[in-house]
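Sequential numbering from 1 applies to the sequence shown in the working numbering.
Think of the CB as a built atom: it goes at the ideal place given N, C-alpha and C, for glycine as much as any other residue.
These notes are about the structure you will find just below.
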Amino acid sequence: MWKYFVQATNNMRIRNKLIFSYLFVVMIPVLIVGGIITAYFRQDALDNAIEQTANDVDKIKSQLSTMLSVPISISNKLYLDDNLKDLVNTNYTTILQMVQAYSKYNDFEELPRLYNEISNVRFYHYNRTMINNTQFINVTAKIEGEEWFQTAMNNPRIGWFFMEGSDIGTEKKLSLVRRIKFKDYRTPGVLVITLNQSMLNSILSKETFNTLIADDSGYIVAAKNPQNVGKTLKQLDLNIDMHQGQEQTISRRVNGVSSNIIVDKLTPQTSLNGLSVVSVFSTQGIVQDAKKVGWIGMALVIGVLILALTLIFVVSKLTTNRLLHLSRQLNKVARGNFDTISFLDGNDEIGQLSRQFNYMVRSINDLLNQVYESNEKNTKLEVAQKEIKLKMMASQINPHFLFNALESIRMKAHLNGEKEIANIVRLLGKLMRKNLEVGSVKKTLKEEMDIVRAYLEIQKFRYEDRLNYELIVEPETERVLLPPLIIQPLVENAIIHGLEGKEVDGMLRVRCSMKEDMLHVEVIDNGAGMSEERRQFVLATLDAEEEEGNRIGLRNIHQRIKLTYGDDFGLHITSIPGQGTKMEFMIPTGGEMHV
């Protein structure tokens, strides 16, 4: 391949070589670099816009959280308001009595005047002796069928709903909905605090991009453009999964325009649901300036390249003309005219070549004269080439895996009151993390027994009364160092092969004691046991040469003990059919110095 390339290059005219070299060495790389720089500026502008939008969204979340804290605080006070409790739980015999009670309780009228964050407070109740007004409303079958009412009655936490006001058909607004349960009376009520729509919209009024606040159902409760309030995200071509995590950055086309969408969820304290801040900006608008700078840069680069290309043509033309002149002189010499003289000025290589040509012609004339005298003279020319070596570098990426699902399950179980399940999941997570941390570093016996205890608790949860266990660990043994995961597999083996088929009174004991300077570990079960023939077969497999892969089994434990402490140590098994099995080993507390 290289040979053909060299041959093709040698067959090209010098001017074409210069242009070809210019294209591949200068023009194409410059265009590529220009494209890369333009793409970099474009991405940098986009990243800055995303970062700015994310900061704006965080600021909006903070302001929204502050605003929502006001109705939450009001609901907490009303939840404990004895006057409200007495008002809605009194059986009124006359309209006058009821009107007097209304006139004495004016908190619902005063609260919107005291707090700009809210516009209306009302209470839905089941007291049929009360007449409806704008603050106190009897629950009807239609109200009972509303989603917000059913949610409030079925859950003690605060809910946020985009709902109509006290009159059916009125404009929908974001409202706090909370059940108030009166312990001394039979029926609860539902408190509804409507937020001030103007103040809610004002949070978004100064935003640079199209920003809005939506509830979990996708309804827009506030927007930079107030005309969008009441619409759904789908109507604005924003098909977003409102339940997918806390923060999302999405790139997609919105109404046919390439856009970026940033979604950040806010769930106020003690709330059942939350709100999401959504900010949308056009990618085309963000990168327009970067594209303009890029195009200007590319135009300048192309202009410089054209100028350079013109210069290359001029230089190549001058160079080739001089070379053609020298070539014609050479042809004359080739035809035997040794009186030829080349007149080329300049100190460049061609000028030097011209002078050398003249010197050569004179030398040839001198040599011809000498030929006539000596009849023999030879000249020789030599040409050398060099090779170029290319080196390649390879890179390697080491992936990393992070696991935390069990903790999430445990917290969910704990929150649901399933403390036993939460504890078992916690033990399982602890056991799995310990297994993932297994390496060549030794662990203390106490750490090993923690793993054993966690494993047995999990098995106890599974087998219930079929499995009982006893851990007997002498205090002086707890700090002894030993290879990791060397006792738990023995316990697992005893349960699976010894106690699995036992219906009742399964017993497993783990005893750790000191015998002089040796740690003695015993795992004893009262399970099925094994015959002498089977025991001999198991013992024979302990010293077998076959590979076990990554599985931690009896052979693995036996081999690790021997490799760590020497051939004098290892796993010993005794068993009586129908009575149980004992697996034990002894290791020196001094570690490898005994090997």
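Near the ligand ATP: residue i beta-carbon under 7 Å from a heavy atom
i       : result
Leu-236 : Absent from the structure shown: the ligand ATP. Ligands present: none.
Segment limits, beta strand (DSSP E) that includes residue i
i       : result
Arg-253 : 247-254
Met-163 : 159-163
Asn-120 : 118-125
Phe-281 : 275-282
Met-153 : No beta strand (DSSP E) contains Met-153, which is instead part of the alpha helix (DSSP H) from 147-154.
Tyr-92  : From DSSP, Tyr-92 is part of no beta strand (DSSP E); its letter is neither H nor E.
Phe-136 : 136-138
Val-510 : 506-515
Residue i classed as buried or exposed, judged by whether at least 16 other C-beta atoms fall within 10 angstroms
i       : result
Thr-477 : buried
Pro-484 : buried
Trp-160 : buried
Asp-543 : exposed
Gly-578 : exposed
Ile-597 : A question about residue 597 goes unanswered here, because the residues of the chain that appear run from 1 up to 595.
Gln-7   : exposed
Met-1   : exposed
Asn-10  : exposed
Leu-311 : exposed
Tyr-4   : exposed
Asp-607 : This structure does not reach residue 607, given that the chain is present from 1 up to 595, and the question cannot be answered.
Ile-213 : buried
Gly-145 : exposed
Phe-123 : buried
Ala-141 : exposed
His-558 : buried
Ile-350 : buried
Arg-13  : exposed
Gln-100 : exposed
Tyr-359 : exposed
Leu-80  : exposed
Gln-329 : buried
Thr-94  : exposed
Cβ separation of residue i and residue j, assumed to be a contact under 8 Å, to the nearest whole Å
i       : j       : result
Leu-482 : Lys-443 : 7 Å
Gly-580 : Gly-501 : Actually they do not touch by this definition, with Cβ atoms about 13 Å apart.
Phe-162 : Val-221 : 5 Å
His-125 : Asn-138 : 7 Å
Ile-486 : Glu-532 : Incorrect: roughly 26 Å between the Cβ atoms, too far for contact.
Tyr-92  : Thr-129 : 4 Å
Lys-61  : Leu-266 : 5 Å
Leu-68  : Pro-268 : 5 Å
Ile-143 : Ser-75  : Wrong, their Cβ atoms sit about 19 Å apart, outside the cutoff.
Tyr-219 : Thr-211 : Contact doesn't hold; Cβ gap of about 16 Å is too wide.
Val-30  : Val-301 : 6 Å
Sequence-distant residues of the same chain with beta carbon closer than 6 Å to residue i, five excluded per side
i       : result
Asn-127 : Val-88
Pro-112 : Ile-118 and Ser-119
Pro-71  : Ile-118, Leu-176 and Ile-193
His-520 : Ser-513 and Met-586
Glu-109 : none
Reference residue i, options the options, closest by Cα
i       : options                               : result
Lys-582 : Gly-527, Gly-566, Leu-563 and Thr-589 : Gly-527
Lys-181 : Leu-174, Val-190 and Lys-173          : Val-190
Pro-475 : Lys-446, Tyr-455, Gln-488 and Ile-451 : Lys-446
Val-510 : Glu-516, Val-504, Glu-503 and Gln-488 : Gln-488
Trp-148 : Glu-51, Asn-273, Asp-81 and Ile-28    : Asn-273
Asp-525 : Ala-540, Leu-519, Val-504 and Ile-296 : Val-504
Lys-206 : Leu-330, Ala-152 and Val-57           : Val-57
Lys-515 : Ile-74, Val-480, Ser-363 and Asn-468  : Val-480
Asn-196 : Gly-256, Val-121 and Val-25           : Val-121
Gly-165 : Glu-110, Tyr-469, Thr-187 and Gln-135 : Gln-135
Asn-16  : Pro-29, Ser-258 and Leu-309           : Leu-309
Val-441 : Arg-560, Ala-299, Lys-173 and Ser-21  : Arg-560
Ala-334 : Ser-251, Val-361, Leu-353 and Ser-258 : Val-361
Leu-508 : Lys-562, Arg-534 and Lys-460          : Lys-460
Asn-239 : Thr-319, Leu-275, Val-254 and Lys-562 : Val-254
Gln-536 : Arg-462, Lys-562, Val-277 and Leu-571 : Leu-571
7 Å Cβ shell around residue i - same chain, five flanking residues per side excluded
i       : result
Asn-83  : Tyr-105
Arg-179 : Ala-152, Met-153, Pro-156, Pro-188 and Val-190
Asn-493 : Leu-554
Thr-53  : Phe-209, Ile-262, Ser-279 and Phe-281
Neighbourhood of residue i by C-beta, 8 Å cutoff - its chain only, sequence neighbours within 5 removed
i       : result
Val-538 : Met-530, Leu-554 and Ile-573
Gln-150 : Glu-144
Ile-50  : Thr-249, Asn-260 and Ile-262
Residue span of the alpha helix (DSSP H) that contains residue i, given as start and end
i       : result
His-558 : 554-565
Pro-188 : That residue, Pro-188, is in no alpha helix (DSSP H); it is neither H nor E in DSSP.
Thr-541 : 532-542
Pro-489 : 488-494
Any C-beta of chain C under 8 Å from that of residue i
i       : result
Val-301 : This model lacks chain C altogether, as it is built from one protein chain only.
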